[in-house]
Structures are given as structure tokens and as C-alpha cells.
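Protein chains: 2
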Amino acid sequence: MIKNNYTQGDIENMKTRFRTNFINSLSGFKSANLIGTANETGLTNLAVFSSVVHIGANPALLGFISRPHSTPRHTLENILATKYFTINSIAADFIAQAHQTSARYQISEFEATGLTAEYRDGFFAPFVQEAVIKIGLSLADIIDISLNDTKLVIGKIECLYLPENIILADGNIDLEAAETVTISSLDTYHRTQKIARFPYAKP
Amino acid sequence: MIKNNYTQGDIENMKTRFRTNFINSLSGFKSANLIGTANETGLTNLAVFSSVVHIGANPALLGFISRPHSTPRHTLENILATKYFTINSIAADFIAQAHQTSARYQISEFEATGLTAEYRDGFFAPFVQEAVIKIGLSLADIIDISLNDTKLVIGKIECLYLPENIILADGNIDLEAAETVTISSLDTYHRTQKIARFPYAKP
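Residue numbers (the numbering used here), protein chains in the order written: chain A, 127 to 329; chain B, 127 to 329.
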């Protein structure tokens, strides 16, 4: 018998790890980025995030969801302390290193994973040299999501670095040319293959 | 000469349409979902969203970004009025119809695009029959993002429908088996191909 109807009670009764994987799969494919920060003494931190989301184009704003502050969250702490962070696209050739940043290191994840911290034009937070698209942001707002004690962290784009040849004439960026990957659930990485691009829809 | 450094001023000086495409590309690949609602008289609405994001697994919460309320936003208005909505995964075989829901129709997008409204188990909002993963949510919170007058709309999962055979033993959902697509920028649809799945990372 195929059971394909889940109620709220069914979800609550799932084992924790199963539910975490299951619910994390439901939103669909996710963006794959590394967020780079440093604390006030310059100690760097790097962490994989699949929740980076477009907030607005003018002003240019990106956001991400930060989990509860109950355990140490170096990314959030560093952003609160220094006001700057970077978002760096994950490409297929370093997914293993990118994923490994999710381990709880006592040292910098740059040092632990072999990814390279890069400083450009005096921007405070470290970029990931291996990334194709590198975005420097200043903290614009932190919004509490009281429902589950998470936060929406929003940054304003201050600067960005990417190869000119992946920018199409109309401004779209060819993410496949950048070898950018996408994440499903918490741990699965995928390449993409373009199917179609549609014009602005009219009735 | 390859220019690969963009400042805040460069972004502000871009032409509007170019900037919209460009900034919408920066976060990486996005989730591809249709949000179904109905108004108080039962008139249905369906709209493509690429901003659905995981908020938490326990309680099971999903969110999405709603643009400013200055022009009619039927999705947001219906959710405010009725407190219910559905999130339906977009599969490769109906991307053209899904994208077409972004046109400004005076009639229901179900009627206009030929996608099928489906009601299940008395849930108020319409599901998309053609979708493989269908999620019914109740409004849990609407959070103002004052920076650009957008809103983070958060729903609690009340019920969901998906084929049992795409759920892996550990709870991960095989989105490729569901033919789920991903979106880049505002208008480009992609299939995916799994590269790797990694274990829980430890130092």
C-alpha cells in the first residue's frame, strides 16, 4: 500500500534525523554558497549555507537563515561583531571541501579544508579564492523569526567579483558556465542542465 | 579588458532590467514552486515563486519572500484573508505553464494556464494536481522586511502529499525522481544531475 498523505501528526512522530532530512527536502533545490567572515581579531570562519535567498535588486540585498543562537554560530557572531560577510558560489570542483566546512572545527575552516581565504580591495571579510562568484556584503538587518528562534540575516551588496564572460547581454548570469551547483536536503549536491528560458509572461 | 569588479555604484548605475536579472542571478539556483491560494469567495490564484526557503524542521516551517504590496499581490492578499496556502513543486513537464502564471491575469491562473486545481481532505487552498510534491500550510507569521518593503511569509506544514517511492530510507526526498526543476535568475529552468551525497561532516 502506498501511503502518500502525511498529516502534521505524522511529521511530529517521525524520528528526528528522518524528519530533518525529509522537511529539508521539501522546499526544492537550494542555493549552494559559502559564507566567509572574520572575528574582530581577524580569525576567519567559513560555512556552507543552502538558505541564501534574493531579497531585492534595488537596493541589492541578499539574505540567509541562521539557526538558533543556542550553540556557537561563528558566522552570525562574526557578522554581529564586524558587520561584514562574503557570499561565495560553490562550484562542482570543490563541493567536498565546501561541505566539510559544516563540521565543528576549533580552527578556521579555511585552514581545515584547504580552501583559500582571499582579501580584495580592503574589504574586511575573506572571500573564497576558489569561488567563481564572490560577493561582499555589509550587514543591513537581522530579523528575528520568533516561531523557531532563527534569524533572517540581510546584507547589502558592497562589491562583487565574477568573470565578465558569464554575464549575458541582458544581465542574467550563466550559473552553469560558472559550474555552480545546487543542494537538495542538507547533503546532496547536483549539477544542472538548462531546459528553457522563458520571456516575461503576459496574459 | 575584462572588468570583473563591481562596486555598489556600478550596481546602482545599471539599467533597471539588466540589474534585475543580474542581482536575481547572484544567490545561485533557486527552488521552483507554485503557490496556490483562494480568496474568501473561492476564486483561485496560482503563482510561481523561486524564493521558497526552509525555515525549520520541528515545527515544520517553510517561508517565501513576497514583493511590495503596492501593486495587487493576490497570493499575499489571499493568505492574509484566508490563512491557508499550498506549495507545489514544479516538474519539468509543466515548466511553461508554471512560468506563465507570472502574467497578470484577471482570471484564475489555473484557468488561464490549464493547470488543474485539486482539493484534498477538506484543505481550503487548492493544490496543483500536476505537481509531484504538494504541501498544505497554514499561515504562521508574516515578517516585514522594512529595508525594501518586502515580507517573509511563513507557513506551518499542515499536510502533504507525495509518492512514497521518492522518499529514501533516511528521509531525504529524491527530487530528481520527482522531476523537480530549479530556477536561475527569474526565467531560466534547469534539470539537475546528482554529483555526490556527503555524510554528516566531522572534523
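Glycine included, each C-beta is placed from N, C-alpha and C at the ideal position. Every value quoted in this text rests on a predicted model; they were computed, and no experiment measured them.
Within the same chain, Cβ atoms closer than 7 angstroms to the Cβ of A:F175 are found at N159, I161, F190, the five residues on either side in sequence being excluded. The three-state secondary structure of B:G135, taken from DSSP, is helix. Annotation: the stretch 128–210 of chain B contains the following complete segments of the beta strand (DSSP E) (minimum length 3 residues), in chain order: 131–133, 159–164, 170–175, 179–183, 186–192. Three or more beta-carbon pairs separated by less than 8 angstroms link the stretch 162–173 of chain A to the stretch 204–212 of chain A, which places the two stretches in contact. In the three-state reduction of the DSSP assignment, B:E256 falls in the coil class, being assigned neither a helical nor a strand state. Not flagged as an interface residue toward chain A: B:S234, since no C-beta distance is shorter than 9 angstroms. Between B:S177 and chain A, the shortest Cβ-Cβ separation is below 9 angstroms.
For A:A322, no alpha helix (DSSP H) run applies; the uninterrupted beta strand (DSSP E) run containing it begins and ends at 314–323, by DSSP. Less than 9 angstroms divides the Cβ of B:L301 from the Cβ of B:T318. Spanning the alpha carbons of B:H316 and A:A322 requires a straight line of approximately 7 angstroms. In the three-state reduction of the DSSP assignment, B:A238 falls in the helix class. In the assembly as shown, A:P252 is a buried residue. Its beta-carbon has 16 or more other beta-carbons within 10 Å. In the structure shown, the three-state DSSP call for B:I221 is helix. Here the alpha carbon of B:D219 sits roughly 21 angstroms from the alpha carbon of A:N130. Around the beta carbon of A:K277, a 10 Å sphere encloses 16 or more other beta carbons of the protein chains shown; the residue is thus reported as buried. Cβ-Cβ distances below 7 angstroms link B:C285 to D247, F249, G262 in the same chain, with the five nearest sequence neighbours on each side left out; the list follows chain order. Per DSSP, the beta-bridge partners of B:I268 are B:V279.
In the structure shown, A:E290 adopts helical secondary structure according to DSSP, grouped into three states. Think of a sphere of 9 angstroms around the beta carbon of A:N159: the chain B residues whose beta carbon falls inside it are S153, G154, in chain order. By the criterion of a C-beta distance shorter than 6 angstroms, B:S177 is surrounded in its chain by F190, I191, once the five residues flanking it on both sides are discounted. Across the structure, A:I216 and A:P329 are spaced so that their CA atoms are roughly 37 angstroms apart. Not a single C-beta of chain B is nearer than 9 angstroms to the C-beta of A:T163. Counting only the Cα atoms, A:T146 lies some 17 angstroms from B:I259. Per DSSP, the unbroken beta strand (DSSP E) holding B:T308 starts and ends at 308–310.
According to DSSP, residue pairing for A:S228 in a beta bridge does not occur. Its Cα nearest to that of B:S153, the residue B:V179 stands out among B:V179, B:I299, B:H200, B:T201. Just measuring C-alpha positions, the residue of A:F324, A:A327, A:D313, A:P325 sitting nearest A:N150 is A:D313.
Close partners of B:K328 in chain A (Cβ separation under 7 angstroms): A229. At a beta-carbon threshold of 9 angstroms, none of the residues of chain B lie near A:Q223; the nearest stands roughly 10 angstroms away. With fewer than 16 other beta carbons inside 10 angstroms of its own, A:E138 counts as exposed. Annotation for A:H225: V174, D313, Y315 place their beta carbon closer than 8 angstroms to its own, counting only its chain and skipping 5 residues before and after.
In the DSSP assignment, A:I213 is bridged to A:I161, A:I261.
Checking the DSSP bridge columns, you'll see A:I299 partnered with A:I293. Taken through DSSP and simplified to helix, strand or coil, B:A251 comes out as coil.
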